[in-house]
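Below is one structure; the comments refer to it alone.
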Amino acid sequence: MRISGKDLSVKLKAEMAASMPSIEEKYGRVPHLAVILVGEDPGSVSYVTGKAKACEAVGIKNTTIRRDASISEEELLGLVRELNADPLVDGILVQLPLPKHIDENKVIETIALEKDVDGFHPLNVAALWQKRPCTVACTPKGIMKLLAQAGVEVKGKKAVVVGRSNIVGLPVAKLLLDANATVTIAHSRTENLAAVTREADILVVAVGRPHTVTADMVKPGAVVIDVGVNRDPESGKLCGDCDTDAVEAVASAITPVPGGVGPMTITCLMENTIELFLRSR
Ligand code: GUN
Numbered sequence: 000m001r002i003s004g005k006d007l008s009v010k011l012k013a014e015m016a017a018s019m020p021s022i023e024e025k026y027g028r029v030p031h032l033a034v035i036l037v038g039e040d041p042g043s044v045s046y047v048t049g050k051a052k053a054c055e056a057v058g059i060k061n062t063t064i065r066r067d068a069s070i071s072e073e074e075l076l077g078l079v080r081e082l083n084a085d086p087l088v089d090g091i092l093v094q095l096p097l098p099k100h101i102d103e104n105k106v107i108e109t110i111a112l113e114k115d116v117d118g119f120h121p122l123n124v125a126a127l128w129q130k131r132p133c134t135v136a137c138t139p140k141g142i143m144k145l146l147a148q149a150g151v152e153v154k155g156k157k158a159v160v161v162g163r164s165n166i167v168g169l170p171v172a173k174l175l176l177d178a179n180a181t182v183t184i185a186h187s188r189t190e191n192l193a194a195v196t197r198e199a200d201i202l203v204v205a206v207g208r209p210h211t212v213t214a215d216m217v218k219p220g221a222v223v224i225d226v227g228v229n230r231d232p233e234s235g236k237l238c239g240d241c242d243t244d245a246v247e248a249v250a251s252a253i254t255p256v257p258g259g260v261g262p263m264t265i266t267c268l269m270e271n272t273i274e275l276f277l278r279s280r
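Numbering of the sequence shown is given in numbering that gives the first Met the number 0, commencing with residue 0 and proceeding in unit increments.
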């Protein structure tokens, strides 16, 4: 079985779109997401285009600010500060990765906490790990919604997360833990990765490398969430981190790439933008 993030996204976006007229009537304007894209990285350009389209579908105002990769760190920080000060901007997203001469941490911590739509600000991350109210990063949030939609029971299950990034691996591990899974985080230095992944009832793979998880690494009946977005070096086609067809034959369910986690990330970004807007009213 394939878990369609696309179908769930369409449904959730339609629900948000339906709520927009009453939001506009009540508050006099719709939520506004500002996205900053530095450089021309094809993956980033494609994500940012997807975000703009989703805003249009939901009825959220979107401003995409594009800057050359040669922008200085100070100029970029200045741009973020301008958006922080703009009362008509509710969410600020700086597309990552940034060029090497720019300190990503500095940029992230300059975004006003109340406009941190990605949930990457250190205070949001701290709040997540202390189980306090916070803005939850979009991809982990989308993964939890997919599991719920697919009727996957998380409580008491063994979850293995492969990858320990700030954007996906670490926060999704915390959300799974909060949902009462027993969580293992595996990574590039894990010894005998296959033995670890074979223990998983729920396997989340967020590595960014094709063919990381093969069918023999999956326990029969497991639910597999593939977060990777890669180009297959042989076919040139978009692919995830898992050998989807082969894994599907062993697993009870897997998310496809494209059409799995990706659309849910963007949908949760819409949800976070609306949440920040409502919270600031
Ligand atoms: N690059 C890859 N994923 C993301 C994301 O969720 N947010 C931002 N800002 N950059 C990313």
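Note that beta-carbon positions come from the ideal geometry of N, C-alpha and C, so glycine has one too. Since the model is a prediction, treat every value here as computed from it, not as a measurement.
Which whole-angstrom value is the C-beta distance of residue i and residue j, which I expect to be below 8 Å?
i: Lys157; j: Ala199; result: 6 Å
i: Val153; j: Leu175; result: 6 Å
i: Asp89; j: Leu275; result: 5 Å
i: Gly258; j: Lys5; result: 4 Å
i: Leu78; j: Ile35; result: 6 Å
i: Lys52; j: Pro30; result: No, Lys52 and Pro30 are not in contact; Cβ-Cβ is about 16 Å, not under 8 Å.
What span of residues does the alpha helix (DSSP H) with residue i cover, start to end?
i: Ala51; result: 41-57
i: Gly90; result: Counting along the chain, Gly90 falls outside any alpha helix (DSSP H), though it belongs to the beta strand (DSSP E) covering 90-93.
i: Val246; result: 243-249
i: Leu32; result: Counting along the chain, Leu32 falls outside any alpha helix (DSSP H), though it belongs to the beta strand (DSSP E) covering 31-37.
i: Met0; result: No alpha helix (DSSP H) contains Met0, which DSSP labels as neither H nor E.
i: Leu268; result: 260-279
i: Arg80; result: 72-84
i: Gly109; result: The residue asked about is misnamed: residue 109 is Thr in this sequence, not Gly. Where Thr109 is concerned, the enclosing alpha helix (DSSP H) stretches over 103-109.
Please report the residue range of the beta strand (DSSP E) in which residue i lies.
i: Leu202; result: 201-204
i: Thr62; result: 60-66
i: Asp225; result: 222-225
Please name the residue in the options whose C-alpha comes closest to that of residue i.
i: Val223; options: Leu75, Thr254, Ser45, Glu24; result: Thr254
i: Ala248; options: Asp231, Val256, Cys267, Gly220; result: Gly220
i: Met0; options: Ala252, Ala245, Ser164; result: Ala252
i: Val37; options: Cys241, Asp231, Val47; result: Val47
i: Glu270; options: Asp6, Lys50, Ile35; result: Lys50
i: Leu95; options: Glu39, Tyr26, Leu78; result: Glu39
i: Ala43; options: Phe119, Val256, Met263, Val228; result: The displayed chain sequence assigns Ser, not Ala, to residue 43. For the residues Phe119, Val256, Met263, Val228, the minimum Cα distance to Ser43 belongs to Val228.
i: Lys10; options: Val34, Tyr26, Val57; result: Val57
i: His210; options: Glu190, Pro232, Arg197, Val195; result: Pro232
i: Arg131; options: Glu14, Leu202, Pro30, Asp177; result: Asp177
i: Tyr201; options: Gly150, Asp115, Ser234; result: The residue you asked about is not Tyr; residue 201 is Ile in the sequence shown. Among Gly150, Asp115, Ser234, the Cα nearest to that of Ile201 belongs to Gly150.
i: Ala172; options: Lys60, Ala147, Ser187, Val203; result: Val203
i: Arg197; options: Pro20, Val217, Glu24; result: Val217
i: Gly141; options: Thr266, Ile184, Leu87; result: Thr266
i: Gly207; options: Leu92, Val195, His186; result: His186
i: Met143; options: Pro170, Gln129, Ser164; result: Pro170
i: Ala17; options: Ala33, Ser279, Glu55; result: Glu55
Tell me which residues share the same chain as residue i and place their Cβ nearer than 7 Å to its Cβ, disregarding the 5 neighbours each side in the sequence.
i: Val167; result: Thr138, Pro139, Ala205, Val226
i: His120; result: Ile107, Glu108, Ile110, Leu112
i: Pro98; result: Val37, Gly38, Ala68
i: Arg322; result: The structure shown does not extend to residue 322, since the chain is modelled only from 0 to 280, so the question has no answer here.
Skipping 5 residues on each side, what residues in its chain have a beta carbon closer than 6 Å to that of residue i?
i: Ala180; result: Val153, Lys156, Ala158
i: Cys133; result: Asn123, Ala126, Leu127
i: Val135; result: Gly118
i: Arg66; result: Val37
Using a Cβ-Cβ cutoff of less than 8 Å, which residues in the same chain neighbour residue i once the five nearest sequence positions on both sides are dropped?
i: Asp102; result: Glu72
i: Ala214; result: Asp242, Ala245, Val246, Ala248, Val249
i: Leu145; result: Ile2, Gly4, Leu7, Ile224, Thr254, Gly259, Val260, Met263
i: Lys114; result: Leu82, Asn83, Val88, Asp89, Gly90, Ile91, Leu275
Mind pulling the beta strand (DSSP E) runs of 3 or more residues that sit fully within the stretch 117-191?
-> 157-161, 181-185
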